[in-house]
Amino acid sequence: MTTNLGHISDRAGNAEPVLSIDRLQVTFATDGGDVQAVKDVSLDVKSGEVVAIVGESGSGKTVTAKTILGLLPETAISSGAVLINGNNVISVSKSTLRKIRGRDVAMVFQEPSTALNPVFTVGWQIAEGIRAHATDGRRVSAKEAKLRATDALRKVGIPDPETRVNYYPHQFSGGQKQRVVIAAALALNPGLIVADEPTTALDVTVQAEILQLLRDLRDNYGTSIVLITHNMGVVADLADRVVVMYQGDVVEEASSRVLFAEPKVEYTKKLLAAVPHLGRHSASEGARGRLHQDGEILVEAKNLTIEYPGRFGRNGFKAVDNVSFTVSENEVFGLVGESGSGKSTIGRAIAGLNRTTGGSLKVLGYEMLDFKERTFRPLRKEIGFVFQDPAASFNPHLTIGECVAEPLIIHTKPSAAEARKKVGELLESVQLPASYAQRYPHELSGGQRQRASLARSLALNPRLLIADEPTSALDVSVQAKVLDLFKDIQEQFGFAALFISHDLAVVDMLSHWVGVLYKGQLVEQGIGNHVMGSPQHDYTKRLIASLPVPDPDEQARRREAHRALLGG
Amino acid sequence: MSTPALTAPKQPLFSRLPVVSHFKKSVGLQRGMLMVGLVLTGLLILTSIFAPLLAPYGYSQLSDASGSFPTQEAPGAKHLLGTTVSGYDVLSRVIWGSQTAVTVIVVSVAMSIFLGVALGLLSGYFGGWLDRILVVVADAIYAFPTLLLAIVISIVISKGQSSFWGGIFSCAFSITVVFVPQYFRVIRAETIRLKAEPFVESAKVLGASSMRIIGRHIFKNATRTLPLMFTLNASEAILTLAGLGFLGFGIEPTSAAEWGFDLNKALADTSSGIWWTGVFPGIAIVLTVLGLTLVGESINDLNDPRIRGRKRAGAPTAPTTPAAPTTAASEPEEAGKP
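Sequence lines, in order, name chains U and W.
First residue of the first sequence: 1, per my numbering; consecutive thereafter.
First residue of the second sequence: 1001, per my numbering; consecutive thereafter.
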């Protein structure tokens, strides 16, 4: 596979570029005046080449991708040139643009479930593109279009395409839906596919399959791919060349192996250093047994079952099935699992946001099976909760200071001066200036908001903290800082924590003990670095093998191992 | 859309008031519409405040020092807009009518907002049987024709006719009954949406009581659409008031001037070529409704960043350029994820 990579880029070296962007600038009109989203971007994509555009949110990578297809909103104006097979997308007429789309360039969107129309069959949706591009004035018959749609589905590895072509989007899983979206993009054999975060909405194991599919397309059909992503693992896995963007500018451009091995620009170095790498900085490094077992057990789940009631005449859905674990004082328990594994449900049940339906869940000695808000309320001050999306977990009408003071006001009723002082201390303990208390949540950046959220959950010095995907809405470099802070504060305050995440590397960095959830069942638990290093259960093995690491050579080796695992 | 606050200091209170802030961010046709609406509404309010100074005669005045007013006299020097069949001065009736209109709008909309918001918050947050009963009642009220309902309420309250405040309140009450379900529904839907927001859940996890959550966290967030509903409902309130008056359930001409009532009396005049008794109260109703609707619709459009028009990017607009470089440096975050 690695030799193949080199070969492709060599072959691509002397070919005509499929896409050529020259000094592109995009400006948006907003209420706060003009905003230059893309300042000066020039890049070429050759035939059969995978070029990744990476950058954090706000770097202009998505805007660049949208410009390639002429999908910018009306409030934007662009200058420069975007040449696709000789046509300048920025200046061509609308009808020419329509012809270019689909035939010369196609797009794969981030969220496959919203990119497909739920009321039409997938076959119809793929055929729509085919019929819209009737060549030489000849109409494509419905039958022929369907036949070609079936072919496209076969190309992307949907089993039994003759039957599945008549299925509706909801009959496919998330990964298969993304395959269908890719099939629709492929239907007219475009030379170039723009994939905007094609795997971000997918689970790791599914992500590995989609990346493999994209790689096969490049190898078998010579399709060029522009890959927009923030995930360095994905870049290392798929890209030949990498373009790093920062605040609307290209800061570095290099072949993927060179970039990961010797980044030149300071920003790239920082970005790469911030990417969590499985097996490095493990919190349980060198641990032989389970740490922190001498203290009190704060959370104890025995055969815990949580069932969501089904609709009339249907069975309920078991989100959590027969799960047993404990969290002791001072311990960080990491809960990993893909979407739908029930990890958030467990976290919410511990905080009393969900009801348990079977087994036993004891939180600070309180049996959650007979949960009553009134009797549980006194215990709430012992439990902190950090939510996934820091932007949504603050009341937009209150200042940060008021938000952080909420728990104090509810439980201890301090005077205004006391509250102000305490809020200042709390903000400083999460490395925010005390003056930020005057600001409103939208005036803080994502990372600052998540710190404030941490400050709020720590206001009453809780014994237990539940962190539900606290960093998944943040950029990598911000995530790294927040994780460091979390680690420091945990050591300083000494609370027990349940750390919930889908990201294995992040969980490993923080947790002493890790549990792996799969379809509501706890399939494996153990010392963090043992679970990551030598997984026992098949699912854990698969999960870890499909996680791409930010290093092209190592990733190529892992990919082979992953394939062997699936084959054997 | 709020990022300018990152760099710019907070705007003074005046510029953050609902209508003022909307006017500031409007451009082009939307600005024109809002401006016309504001002028018409402003005229209405000014007329109602200064009615005693503006009107040449009282609303129930039938004679002055020089004797009784003639009936059905065409517009002329003494009576600028003519007189009605009963001998009232049309201009004075139209001007005094604005006072009735504004009072009814304020009273009815204020009552329905208080009731609707309170019920909507409770019903949406607690759910359960309370919610179900209130929704059924609201739907039942929706099912009636509004005017019919208003007539029934008006009869129940005032037993037909009454004084100025009695008439105002019976009109306002009947309009309230019709409008409460609207406010109730909107606030309830918002509350149900907000109930699942992480910031409400986080308040719950902190142990805040239900009343605190409703009062502090949900109330302010759920009531953002109220200025819009207020303006849209105000125009409907005028129409309902006029409808009631027209059908004879309004206020006696001796206790207040009311456009709907005047229109009713002018009905017989139309066939005999007397146009001034009907046209002027009619125009007053049309302009009032038009003004309020324009304001409401413009606010509606301006609230939605997808519909709101903006100045073209890069256009040579001198006043905005000083702000542009500072915001551009800190703002690509917003623009990067359209």
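The beta-carbon is built from N, C-alpha and C at its ideal position, and this holds for glycine as well.
Quiz item: Which class does Trp-1275 (chain W) belong to by DSSP, given the choice of helix, strand or coil?
Solution: As a position in the second sequence, residue 1275 (chain W) is number 275, starting the count at 1. Coil, per DSSP.
Exercise. May I ask you to list, following chain order, the residues of the region 1194-1207 of chain W that have a beta carbon less than 9 Å from some beta carbon of chain U?
Key: Across the region 1194-1207 of chain W, CB contacts with chain U closer than 9 Å involve Glu-1197, Pro-1198, Phe-1199, Val-1200, Glu-1201, Ser-1202, Ala-1203, Lys-1204, Val-1205, Leu-1206 and Gly-1207, in sequence order along the chain.
Quiz item: Hey, out of U:Asp-240, U:Asp-468, U:Ile-130 and U:Val-54, whose CA is closest to Ser-339 (chain U)'s CA?
Solution: Reading the first sequence from its first residue, position 339 is the one you call residue 339 (chain U). Of the candidates U:Asp-240, U:Asp-468, U:Ile-130 and U:Val-54, the residue whose Cα lies closest to the Cα of Ser-339 (chain U) is U:Asp-468.
Quiz item: What distance in whole Å lies between the Cβ atoms of Leu-427 (chain U) and Tyr-436 (chain U), which are believed to be in contact at a cut-off of 8 Å?
Solution: Position 436 of the first sequence, counted from the start, is the residue given in the question as residue 436 (chain U). Position 427 of the first sequence, counted from the start, is the residue given in the question as residue 427 (chain U). Right, the Cβ-Cβ distance comes to about 6 Å (below 8 Å), so this counts as a contact.
Quiz item: Is any beta-carbon of chain U found at less than 8 Å from that of His-1022 (chain W)?
Solution: Along the second sequence, read from residue 1 onward, the residue named residue 1022 (chain W) stands at position 22. Judged by the 8 Å Cβ criterion, His-1022 (chain W) is not in contact with chain U.
Quiz item: Is the Cβ of Ala-578 (chain U) closer than 8 Å to any Cβ of chain W?
Solution: Limits of chain U in this structure are 1 at one end and 568 at the other, which puts residue 578 (chain U) out of reach.
Exercise. Could you spell out the range, first to last residue, of the alpha helix (DSSP H) harbouring Thr-305 (chain U)?
Key: As a first step, residue 305 (chain U) is located in the first sequence; it is residue number 305 there, counting from the start. Counting along the chain, Thr-305 (chain U) falls outside any alpha helix (DSSP H), though it belongs to the beta strand (DSSP E) covering 297-308.
Exercise. Less than 8 Å between the CB atoms is what I'm expecting for Ile-68 (chain U) and Ser-78 (chain U), so what's the real figure, rounded?
Key: Here the question's residue 68 (chain U) lines up with position 68 in the first sequence. Here the question's residue 78 (chain U) lines up with position 78 in the first sequence. Not a contact, Cβ separation roughly 11 Å.
Practice problem: Rank W:Leu-1122, W:Ala-1196, W:Ala-1203 and W:Val-1085 by C-alpha distance to the C-alpha of Ile-409 (chain U) and give the top, closest one. | Solution: Counting from 1 along the first sequence, the entry for residue 409 (chain U) is found at position 409. The option with the nearest alpha carbon to Ile-409 (chain U) is W:Ala-1203.
Practice problem: Let me know if Pro-1316 (chain W) comes out buried or exposed under the rule of 16 or more other beta-carbons within 10 Å of its beta-carbon. | Solution: Sequence index remark: in the second sequence, residue 1316 (chain W) carries index 316 (1-based). Low per-residue confidence applies at Pro-1316 (chain W): pLDDT is 48, beneath 50, and the placement is therefore not dependable enough to give any value.
Exercise. Label Arg-559 (chain U) either buried or exposed according to how many other C-beta atoms from any shown protein chain fall within 10 Å of its C-beta, with 16 as the threshold for buried.
Key: Taking the first residue of the first sequence as position 1, residue 559 (chain U) is located at position 559. It is buried - the Cβ of Arg-559 (chain U) has at least 16 other Cβ atoms within 10 Å.
Quiz item: To the nearest whole angstrom, what separates the beta carbons of Thr-1176 (chain W) and Ser-1112 (chain W), a pair I think is in contact under 8 Å?
Solution: As a working mapping, residue 1176 (chain W) is identified with position 176 in the second sequence. As a working mapping, residue 1112 (chain W) is identified with position 112 in the second sequence. Contact flag correct, Cβ pair sits at about 4 Å.
Quiz item: If Val-258 (chain U) and Val-250 (chain U) are in contact, beta carbons under 8 Å, what's the gap, nearest whole angstrom?
Solution: Reading the first sequence from its first residue, position 258 is the one you call residue 258 (chain U). Reading the first sequence from its first residue, position 250 is the one you call residue 250 (chain U). For a cut-off of 8 Å, the C-beta gap from Val-258 (chain U) to Val-250 (chain U) is around 15 Å, too long to register as a contact.
Quiz item: According to DSSP, is Leu-217 (chain U) helix, strand or coil?
Solution: Stepping through the first sequence from its first residue, residue 217 (chain U) is reached at position 217. Assignment of Leu-217 (chain U) by DSSP, reduced to helix, strand and coil, places it in the helix class.
Exercise. Would you mind telling me which residues of chain W sit closer than 7 Å to His-411 (chain U), beta carbon to beta carbon, in chain order?
Key: On the first sequence, position 411 is the one that residue 411 (chain U) refers to. Chain-ordered, the chain W residues with CB closer than 7 Å to the CB of His-411 (chain U) read Gly-1207.
Exercise. Answer with yes or no whether the minimum CB distance from His-397 (chain U) to chain W is below 8 Å.
Key: For this step, residue 397 (chain U) is matched to residue 397 along the first sequence. Yes, His-397 (chain U) lies at the interface with chain W (some Cβ there is under 8 Å from its Cβ).
Exercise. Give the residues from the region 1025-1053 of chain W that approach chain U closer than 7 Å (Cβ to any Cβ), ordered along the chain.
Key: Listed in sequence order: Lys-1025.
Quiz item: Residues in its own chain within less than 6 Å of Ser-284 (chain U) by CB, not counting five upstream and five downstream?
Solution: Here residue 284 (chain U) is taken as the residue at index 284 of the first sequence, counted from 1. Cβ neighbours of Ser-284 (chain U) beyond the five flanking positions: His-512, Ile-527, Gly-528 and Asn-529.
Exercise. Pick helix, strand or coil for Glu-367 (chain U), following the three-state DSSP scheme.
Key: Numbered from its first residue, the first sequence carries residue 367 (chain U) at position 367. Note: Glu-367 (chain U) maps to strand in three-state DSSP.
Exercise. Report buried or exposed for His-170 (chain U), applying the criterion of at least 16 other Cβ atoms within 10 angstroms of its Cβ.
Key: By one-based count along the first sequence, residue 170 (chain U) stands at place 170. With fewer than 16 other Cβ atoms within 10 Å, it is exposed.
Quiz prompt | Euclidean distance between Cα positions of Leu-116 (chain U) and Tyr-308 (chain U) | solution = Reading the first sequence from its first residue, position 116 is the one you call residue 116 (chain U). Reading the first sequence from its first residue, position 308 is the one you call residue 308 (chain U). If you take the alpha carbons of Leu-116 (chain U) and Tyr-308 (chain U), they lie about 28 Å apart.
Quiz item: chain W beta carbons: is any one of them nearer than 8 Å to that of Leu-565 (chain U)?
Solution: Numbered from its first residue, the first sequence carries residue 565 (chain U) at position 565. Answer no: the Cβ-Cβ gap between Leu-565 (chain U) and chain W never drops below 8 Å.
Quiz item: Under 7 Å Cβ-Cβ, which residues of chain W neighbour Lys-381 (chain U)?
Solution: As a working mapping, residue 381 (chain U) is identified with position 381 in the first sequence. Those are Gly-1207, listed as they occur along chain W.
Quiz item: Do Arg-131 (chain U) and the ligand GTP come close, with the Cβ less than 7 Å from some heavy atom?
Solution: Only the bare structure without any ligand can be found here, which leaves the ligand GTP out of the picture.
Practice problem: Rank U:Leu-460, U:Gly-447, U:Leu-458 and U:Gly-494 by C-alpha distance to the C-alpha of Ser-472 (chain U) and give the top, closest one. | Solution: Here residue 472 (chain U) refers to the residue found at position 472 of the first sequence. Looking from the CA of Ser-472 (chain U), the closest CA among U:Leu-460, U:Gly-447, U:Leu-458 and U:Gly-494 belongs to U:Gly-447.
Quiz item: If you draw a straight line from the alpha carbon of Pro-552 (chain U) to that of Phe-1184 (chain W), how long is it in whole angstroms?
Solution: Position 552 of the first sequence, counted from the first residue, corresponds to residue 552 (chain U). Position 184 of the second sequence, counted from the first residue, corresponds to residue 1184 (chain W). Roughly 58 Å separates the two Cα atoms.
Practice problem: Output yes if chain U places a C-beta closer than 8 Å to the C-beta of Glu-1333 (chain W); else output no. | Solution: As a position in the second sequence, residue 1333 (chain W) is number 333, starting the count at 1. Only weak support exists for where Glu-1333 (chain W) lies, its pLDDT of 38 falling under 50; the coordinates are left without a value.
Quiz item: Around the Cβ of Leu-214 (chain U), are there at least 16 other Cβ atoms within 10 angstroms (buried) or fewer (exposed)?
Solution: For the purposes of this step, residue 214 (chain U) is taken as residue 214 along the first sequence, with counting starting at 1. Classification of Leu-214 (chain U): buried, given that the 10 Å Cβ count is 16 or more.
Quiz item: Taking only beta-carbon atoms, is Phe-394 (chain U) less than 8 Å away from chain W?
Solution: Residue numbering aside, residue 394 (chain U) sits at position 394 when the first sequence is read from its first letter. Yes - at least one Cβ of chain W is within 8 Å of the one on Phe-394 (chain U).
Quiz item: So the beta strand (DSSP E) Gln-521 (chain U) belongs to, where does it begin and stop?
Solution: On the first sequence, position 521 is the one that residue 521 (chain U) refers to. Run containing Gln-521 (chain U): 521-527, per the beta strand (DSSP E) assignment.
Quiz item: Using a C-beta to C-beta distance shorter than 7 Å, which residues of chain W count as neighbours of Pro-407 (chain U)?
Solution: What you label residue 407 (chain U) is simply residue 407 of the first sequence in a count that begins at 1. Think of a sphere of 7 Å around the beta carbon of Pro-407 (chain U): the chain W residues whose beta carbon falls inside it are Leu-1206, in chain order.
Exercise. Measure from the alpha carbon of Lys-519 (chain U) to the alpha carbon of each residue in U:Val-265, U:Asp-321, U:Leu-369 and U:Leu-227, then state which is nearest.
Key: On the first sequence, residue 519 (chain U) is found 519 positions in, with the first residue counted as 1. Between Lys-519 (chain U) and the set U:Val-265, U:Asp-321, U:Leu-369 and U:Leu-227, the nearest pair of CA atoms involves U:Asp-321.
Exercise. Check the Cβ-Cβ distances between Asp-389 (chain U) and every residue of chain W, and say whether any is below 8 Å.
Key: For the purposes of this step, residue 389 (chain U) is taken as the residue at position 389 of the first sequence. At least one CB atom of chain W sits nearer than 8 Å to the CB of Asp-389 (chain U).
Quiz item: Just how far apart, CA to CA, sit Val-1186 (chain W) and Leu-1121 (chain W)?
Solution: Taking the second sequence and counting its residues from 1, one reaches residue 1186 (chain W) at position 186. Taking the second sequence and counting its residues from 1, one reaches residue 1121 (chain W) at position 121. Those two C-alpha atoms are separated by around 10 Å.
Practice problem: Quick one: residues in its chain with C-beta nearer than 6 Å to the C-beta of Gln-207 (chain U), no 5 flanking neighbours on either side, listed in chain order? | Solution: Working through the first sequence from its first residue, we reach residue 207 (chain U) at position 207. If we look at Gln-207 (chain U) and ignore the five residues flanking it on each side, its Cβ neighbours are Thr-199.
Quiz item: DSSP state of Leu-1247 (chain W), grouped into three classes?
Solution: Counted from its first residue, the second sequence places residue 1247 (chain W) at position 247. Residue state, collapsed to three classes: coil.
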